[in-house]
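Chemist: Before I ask anything, let me first share the structure, which is written out below as structure tokens.
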Ligand code: FRU
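Numbering (the working numbering), first residue to last: 16 to 458.
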């Protein structure tokens, strides 16, 4: 069993969305979309990792995998709840109507169907993929309710006497929508209502709806909201919302914003940590696998766990207190910094100044924070290399976490976050910084 530090990465091969993130019986469990055979997307499994502190992750192998006719081509994304001491895992079950003959791991021309299913684990460590699965929502044939192909990613929560499920879906791949279902027992579900709006893009994936300080927040990953011909037109958004639990009517009441302004973060999922903070974790997309000596090539990782807060009616994402605890060793002699390990910088950036982290450049341009990865990324044509936050009023205080393939910049206590995947960072740092911290090593 390998232990993986700070950013949960694919234990070789391919990872995408976080799934079933939960603090359950004294441990954090994080499942993830996993293709175990190559560092590319394919027939989906749920990989499984556990942690005591959200910083060190122990890989436990594959938890969920196709066994049933209805999930034969993939166990897609979903979520977890605890019920009567058991772990209920909800997921989307995919069945291809036609597979690509040269790559059976993908469907041909989107010819597939999706139902919603679950697996009940007695303890979070045993998953009987033959006996303990159950289909909870068959493929929907009523177009006004849902799309038979693109309806997925059940996020389930309990409120009072009811269980709620939000699903991502679409109308004809043109208008994204969020669907709401209700249940008394978490097993039998009834369709109640749906929401359509700009925040849902063309197809909505991985929606989430939760409360922070008494306010509802909607997050989701709408497809096709950026139109500039580059890769990754799909981005994750968040907005304050109103939600009537009885009728499952949702309205977005605040501005729709990016969860992260760096354009790699996708499919965020939240849950409560052991202290009751609302924590978000998300997939950081990578255009190419990383090959390191002696390791299976890997593609994809999770961002740092981020606490969701509302300040002045703005949704903020802060580094989790466990990240603070972990990166607490102040570096006195900066010339001795080991650039091969993750570290953290604090700085106040002024207009015109540049902070250069191994070739990655951070600057303030007309009050907006800019991250430029053009010197530390793959082939420039297809991808966005620069990203900016909206303009920042007052000081620009940065809290930056640097890992070998990921830079996460928290601006003014999580007012904005800008994260970028990077390749080939060089071992130097130039520019004015107030403090540097390294992580506490594990034994
Ligand atoms: C989002 C997503 C989900 C789906 C999963 C499949 O990245 O497309 O909608 O369940 O990935 O791997």
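Don't be surprised by glycine CBs; every beta carbon is placed ideally from N, CA and C.
Run the proximity test for residue 282: is its beta-carbon closer than 7 Å to any non-hydrogen atom belonging to the ligand FRU?
Modeler: Residue 282 Cβ: within cutoff of the ligand FRU.
Chemist: In angstroms, rounded to a whole number, what distance separates the CA positions of residue 258 and residue 298?
Modeler: One C-alpha to the other measures close to 26 Å.
Chemist: Please classify residue 119: is it buried, with 16 or more other beta-carbons within 10 angstroms of its beta-carbon, or exposed?
Modeler: Exposed, because fewer than 16 other Cβ atoms sit within 10 Å of the Cβ of residue 119.
Chemist: Whole angstroms are fine: how far does the CA of residue 336 sit from the CA of residue 165?
Modeler: Distance between the alpha carbons of residue 165 and residue 336: 37 Å.
Chemist: What is the DSSP secondary structure of residue 356, counted as helix, strand or coil?
Modeler: Coil at residue 356, not helix or strand.
Chemist: Please name the residue in 391, 283, 449 whose C-alpha comes closest to that of residue 442.
Modeler: Cα-wise, what sits closest to residue 442 is 391.
Chemist: How about residue 192: is its Cβ closer than 7 Å to a heavy atom in the ligand FRU?
Modeler: Answer for residue 192: no, Cβ out of range of the ligand FRU.
Chemist: Taking the alpha-carbon positions, what's the residue 425 to residue 368 distance?
Modeler: Taking the straight line from one Cα to the other gives about 17 Å.
Chemist: Is residue 183 near the ligand FRU, with its Cβ less than 7 Å from a heavy atom?
Modeler: Yes, the beta carbon of residue 183 sits closer than 7 Å to at least one heavy atom of the ligand FRU.
Chemist: In angstroms, rounded to a whole number, what distance separates the CA positions of residue 458 and residue 344?
Modeler: With a pLDDT of only 38 at residue 458, under the threshold of 50, the placement of this residue in the model should not be trusted; the figure read from the coordinates follows. Cα-Cα distance, rounded: 16 Å.
Chemist: Where residue 93 and residue 376 are concerned, what is the direct C-alpha to C-alpha distance, given to the nearest angstrom?
Modeler: Looking at the two C-alpha atoms, the distance is approximately 36 Å.
Chemist: Should residue 459 be counted as a contact of the ligand FRU given a C-beta to heavy atom distance under 7 Å?
Modeler: Since the first residue shown for the chain is 16 and the last is 458, residue 459 is missing from the structure and cannot be characterised.
Chemist: Helix or strand or just coil, what does DSSP make of residue 458?
Modeler: Low local confidence applies: a pLDDT of 38 at residue 458 is under 50, so the model's placement there is unreliable, with the coordinate-based value given in what follows. Three-state DSSP puts residue 458 in coil, outside helix and strand.
Chemist: Alpha carbon to alpha carbon, how far is residue 264 from residue 321?
Modeler: Looking at the two C-alpha atoms, the distance is approximately 28 Å.
Chemist: Pick from 413, 323, 455, 433: whose alpha carbon is nearest that of residue 448?
Modeler: The option with the nearest alpha carbon to residue 448 is 413.
Chemist: In chain order, what residues of the same chain have a beta carbon less than 7 Å from the beta carbon of residue 445, not counting five sequence neighbours either side?
Modeler: Cβ neighbours of residue 445 beyond the five flanking positions: 371.
Chemist: If you run the structure through DSSP and keep just helix, strand and coil, what is residue 25?
Modeler: Three-state result, residue 25: coil.
Chemist: Can you name, in chain order, every residue of its own chain whose Cβ lies under 8 Å from the Cβ of residue 271, other than the five neighbours on each side?
Modeler: Here the set comprises 213, 214, 252, 253, 254.
Chemist: Would residue 19 pass as a contact of residue 72 if the rule is Cβ separation under 8 Å?
Modeler: Cβ distance < 8 Å, so residue 19 and residue 72 count as in contact.
Chemist: Thinking C-alpha only, which one of 440, 437, 408 is nearest residue 430?
Modeler: Cα-wise, what sits closest to residue 430 is 408.
Chemist: Please determine, among 307, 45, 31, the residue with the shortest C-alpha to C-alpha distance to residue 287.
Modeler: Measuring from the Cα of residue 287, the nearest candidate turns out to be 45.
Chemist: If distances are taken between C-alpha atoms only, which option among 348, 334, 267 comes closest to residue 342?
Modeler: Of the candidates 348, 334, 267, the one whose C-alpha sits nearest the C-alpha of residue 342 is 334.
Chemist: If the criterion is Cβ atoms closer than 8 Å, does the pair residue 464 and residue 385 meet it?
Modeler: This structure cannot settle anything about residue 464, because the visible part of the chain is limited to 16 through 458.
Chemist: Can you tell me which of 67, 380, 111, 194 puts its alpha carbon nearest to the alpha carbon of residue 401?
Modeler: The option with the nearest alpha carbon to residue 401 is 380.
Chemist: Any contact between the region 122 to 131 and the region 96 to 114? By contact I mean 3 or more CB pairs, one from each, below 8 Å.
Modeler: They touch, by the three-pair rule.
Chemist: How far does the alpha helix (DSSP H) with residue 341 in it reach, from first residue to last?
Modeler: Taken as a continuous stretch (DSSP letters only), the alpha helix (DSSP H) holding residue 341 covers 336 to 341.
Chemist: Using CA coordinates, which residue listed in 197, 422, 201, 163 is at the minimum distance from residue 188?
Modeler: Of 197, 422, 201, 163, the residue nearest in Cα terms is 163.
Chemist: Could you tell me which of 68, 35, 85, 81 sits nearest to residue 102, measuring between CA atoms?
Modeler: Here the closest residue by C-alpha is 35.
Chemist: Considering only DSSP beta bridges, list what residue 375 is partnered with.
Modeler: Answer is 372, bridged to residue 375.
Chemist: Please report the distance separating the alpha-carbon of residue 417 from that of residue 435.
Modeler: Taking the straight line from one Cα to the other gives about 10 Å.
Chemist: How big is the Cα-Cα spacing for residue 135 and residue 85?
Modeler: Cα to Cα, the separation comes out at about 17 Å.
Chemist: Between 324, 68, 58, which lies nearest to residue 39 when the distance is taken from Cα to Cα?
Modeler: If we check each option's Cα against that of residue 39, 68 comes out closest.
Chemist: Starting from the Cα of residue 451, find the closest Cα among 358, 267, 284, 75 and give me that residue.
Modeler: Considering only alpha carbons, the answer is 358.
Chemist: Please look up how many angstroms separate the CB atoms of residue 305 and residue 420, rounded, as I've assumed it's under 8 Å.
Modeler: Sure, about 6 Å apart at Cβ, within 8 Å.
Chemist: Mind checking residue 439: buried by the 16 CB within 10 Å criterion, or exposed?
Modeler: Exposed, since its Cβ has fewer than 16 Cβ neighbours within 10 Å.
Chemist: According to the neighbour-count rule (16 or more other Cβ atoms, all chains shown, within 10 Å of its Cβ), is residue 340 buried or exposed?
Modeler: Exposed.
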